[in-house]
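Worksheet for the structure shown next.
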Amino acid sequence: MSAHGTPVPMTASRSGPLTGEAHVPGDKSISHRSLILGAMAVGETTVTGLLEGQDVLDTAKAMQAFGAQVEKAGDTWHIHGVGVGGLAEPSQVIDCGNSGTGVRLIMGAMATSPIAATFTGDASLNKRPMARVTDPLALFGARSYGRSGGRLPLTIIGAADPLPVRYATPVPSAQVKSAVLLAGLNAPGETVVIEREATRDHSERMLAGFGATVTTEDTDEGHVITLQGRPELKPQSIVVPRDPSSAAFPVCAALIVEGSDVLVPNIGLNPTRAGLFFTLQDMGADLTFENMREEGGEPVADLRARFSPNLKGIEVPAERAASMIDEYPVLSVVAAFAEGKTHMPGVKELRVKESDRIDAMATGLRAAGIAVDEGEDWWTVHGEGFGRVKGGVTVKTHLDHRIAMSFLVMGLASNQPMRVDDGGPIATSFPVFEALMAELGARIERDAG
């Protein structure tokens, strides 16, 4: 089943050249954080370019349930915040749908206020581990009660007298880091997060933009982020850059569909998010950055992707994994059209996303005639080269939007169509995916019946 209703089987078939401009939605990570920090500021925050996928809309509803006023007028979202420590106890269960980012960040935001909240999600989200967040939140004094393994549905009782925390993240995770920093907003003194590897830094940038004192330092311990607790966050006017994770799909499609030339404007190129694009260039992709600039403290550029028939398999640097963790599924599709093997180490986080993404992609790729080796923390795709990818199978998406979009991209260039059992979850992150790809010339159709 789809994350939010009846399954929507979809089929992608070999297409002619993809051409034109692909105006992808706003960045999902920044959209979530805009709503949450706007709700914790004093006064009115305005947001334009917000991603209006189901994940982000669920976060907007959640912040309303915690007492903020959240409404849309024209193209602008208005959030009237309640201040740090001002969140109200919700009167209903908080349903975060399919969004691991939304639920984990909201848990952090409320964990140091003397209120209780119960969280749930769809079938996929309720399988995902939450102990990675509830364990550090317990150090502040928050208590959590949920299913075995810390899974949803789960109730958090916030700390009445929170303590500042110094926490070293056991795995690279921007969600865990961000949950701890958001909890630290309403704790006295300094909250410190130590990362072995730096992860996407949208939270640090946005916290500073809202007026919090945040410092970062690379030390012998690792990447250290220090937050001064109990600031008064100041409302902001935010223009959300377009999402590099969404841009990955039209970009990768253009690289493997013969004759394609696609421009994807206004893409956020935060260095903690842009690893895929550098990896594609390393593989020999005709991918260029045009009109480089900065908007709202984030680097931005227009991406131009052209058909690249001579892609080569590479060893993807393990240290790049955190900057492209959501893009490995579609990278594996590009790797199938490259010559030679593409080895991807340091990716165990893929095992606990909306699905086990390594298993889901490996299963589908093998069915379509691509050899894949895998381990707990790595996988290797043995590319067939352009024109030799068979396709012709139906793939299970496991309620995972990125699995669905990745195999639909594959179908645009494989010799036989690729079908996914459920494209419904695509709406959680990329609600205009079908229309956007169709406008470029892609043959993607919903199955009749």
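Just so we're aligned: the sequence shown equals residues 1 to 449 in UniProt numbering.
Don't be surprised by glycine CBs; every beta carbon is placed ideally from N, CA and C.
Report the option in the options whose CA atom is closest to the CA atom of residue i.
{"i": "M63", "options": "R446, G38 and D27", "result": "G38"}
{"i": "I156", "options": "G211, L182 and M107", "result": "M107"}
{"i": "G16", "options": "R242, G411 and A274", "result": "G411"}
{"i": "E71", "options": "V409, T48, N126 and A88", "result": "T48"}
{"i": "N270", "options": "I30, V8 and E21", "result": "I30"}
{"i": "T45", "options": "L233, C96 and E434", "result": "L233"}
{"i": "residue 450", "options": "K396, A247 and L57", "result": "Outside the displayed range of the chain (1 to 449) lies residue 450, so it cannot be described from this structure."}
{"i": "V330", "options": "N291, A301, G20 and P244", "result": "P244"}
{"i": "V180", "options": "T101, F386, L125 and K390", "result": "T101"}
{"i": "L87", "options": "C96, G97 and A41", "result": "A41"}
{"i": "A183", "options": "E195, G441, V165 and V171", "result": "V165"}
{"i": "S308", "options": "G259, I115 and W378", "result": "G259"}
{"i": "A208", "options": "E195, I225 and M405", "result": "I225"}
Pick helix, strand or coil for residue i, following the three-state DSSP scheme.
{"i": "S144", "result": "strand"}
{"i": "K61", "result": "helix"}
{"i": "residue 450", "result": "Absent from the model: residue 450. The displayed extent of the chain is 1 to 449, so no value can be given."}
{"i": "M283", "result": "coil"}
{"i": "K420", "result": "Just to set this straight, residue 420 is Val in the shown sequence, not Lys. In the structure shown, V420 sits in a strand (DSSP, three-state: E or B)."}
{"i": "S237", "result": "strand"}
{"i": "F119", "result": "strand"}
{"i": "E52", "result": "coil"}
{"i": "V82", "result": "strand"}
{"i": "residue 519", "result": "With the chain represented from 1 up to 449, any question about residue 519 goes unanswered, as that position is not in the structure."}
{"i": "G108", "result": "helix"}
{"i": "V171", "result": "coil"}
{"i": "E439", "result": "helix"}
{"i": "D218", "result": "strand"}
{"i": "E204", "result": "helix"}
{"i": "E319", "result": "helix"}
{"i": "E339", "result": "strand"}
{"i": "A3", "result": "Low per-residue confidence applies at A3: pLDDT is 44, beneath 50, and the placement is therefore not dependable enough to give any value."}
{"i": "V257", "result": "coil"}
{"i": "S113", "result": "coil"}
{"i": "G16", "result": "coil"}
{"i": "E89", "result": "coil"}
{"i": "S31", "result": "helix"}
{"i": "G209", "result": "helix"}
The alpha helix (DSSP H) spanning residue i covers which residue range?
{"i": "I358", "result": "R357 to A367"}
{"i": "I403", "result": "H401 to G411"}
{"i": "R446", "result": "Segment R443 to R446 is the beta strand (DSSP E) holding R446; no alpha helix (DSSP H) there."}
{"i": "K72", "result": "Element bounds for K72: not the alpha helix (DSSP H) but the beta strand (DSSP E), Q69 to A73."}
{"i": "A371", "result": "First-last for A371: A371 to E374, but that is the beta strand (DSSP E), not the alpha helix (DSSP H)."}
{"i": "R166", "result": "No alpha helix (DSSP H) contains R166, which is instead part of the beta strand (DSSP E) from R166 to A168."}
Would you list the one or two residues that DSSP bridges to residue i?
{"i": "F289", "result": "L303"}
{"i": "I94", "result": "F119"}
{"i": "K242", "result": "A quick correction: the sequence has Arg, not Lys, at residue 242. DSSP lists G26 and I267 as partners of R242."}
{"i": "P345", "result": "W378"}
{"i": "E354", "result": "Looking at the DSSP assignment, E354 forms no beta bridge with any residue, so it has no partner."}
{"i": "T397", "result": "In DSSP, T397 forms no bridge with anything."}
{"i": "E295", "result": "E298"}
{"i": "T46", "result": "H78 and S237"}
{"i": "T191", "result": "L227"}
{"i": "G391", "result": "Q416"}
Using only the alpha-carbon positions, how far apart do residue i and residue j sit?
{"i": "E204", "j": "A174", "result": "10 Å"}
{"i": "E197", "j": "H398", "result": "29 Å"}
{"i": "P153", "j": "G121", "result": "7 Å"}
{"i": "residue 464", "j": "V409", "result": "With the chain covering 1 to 449 only, the question about residue 464 has no answer from this structure."}
{"i": "E376", "j": "K353", "result": "14 Å"}
{"i": "S429", "j": "T219", "result": "36 Å"}
{"i": "L51", "j": "L163", "result": "34 Å"}
{"i": "S148", "j": "F249", "result": "36 Å"}
{"i": "F140", "j": "A159", "result": "7 Å"}
{"i": "T394", "j": "E374", "result": "21 Å"}
{"i": "A435", "j": "E217", "result": "43 Å"}
{"i": "D261", "j": "A22", "result": "11 Å"}
{"i": "A381", "j": "G74", "result": "The amino acid occupying residue 381 in the given sequence is Val; Ala does not appear at that position. Cα to Cα, V381 sits roughly 45 Å from G74."}
{"i": "A142", "j": "K28", "result": "27 Å"}
{"i": "A253", "j": "M130", "result": "34 Å"}
{"i": "K127", "j": "R151", "result": "6 Å"}
{"i": "T11", "j": "T215", "result": "48 Å"}
{"i": "G67", "j": "K61", "result": "10 Å"}
Just reading off the beta strand (DSSP E) that residue i is part of, what are its end residues?
{"i": "residue 450", "result": "This structure cannot settle anything about residue 450, because the visible part of the chain is limited to 1 through 449."}
{"i": "I325", "result": "No beta strand (DSSP E) holds I325; DSSP gives it neither H nor E."}
{"i": "E197", "result": "No beta strand (DSSP E) contains E197, which DSSP labels as neither H nor E."}
{"i": "L227", "result": "H223 to Q228"}
{"i": "R128", "result": "Here R128 belongs to no beta strand (DSSP E), and DSSP marks it neither H nor E."}
{"i": "V381", "result": "W378 to E384"}
{"i": "G313", "result": "G313 -> no beta strand (DSSP E), and no H or E assigned at all."}
{"i": "T19", "result": "T19 to E21"}
Could you check whether the Cβ of residue i sits closer than 7 Å to any heavy atom belonging to the ligand NAP?
{"i": "D201", "result": "Questions concerning the ligand NAP fall outside what the structure shown contains, since it holds no ligand whatsoever."}
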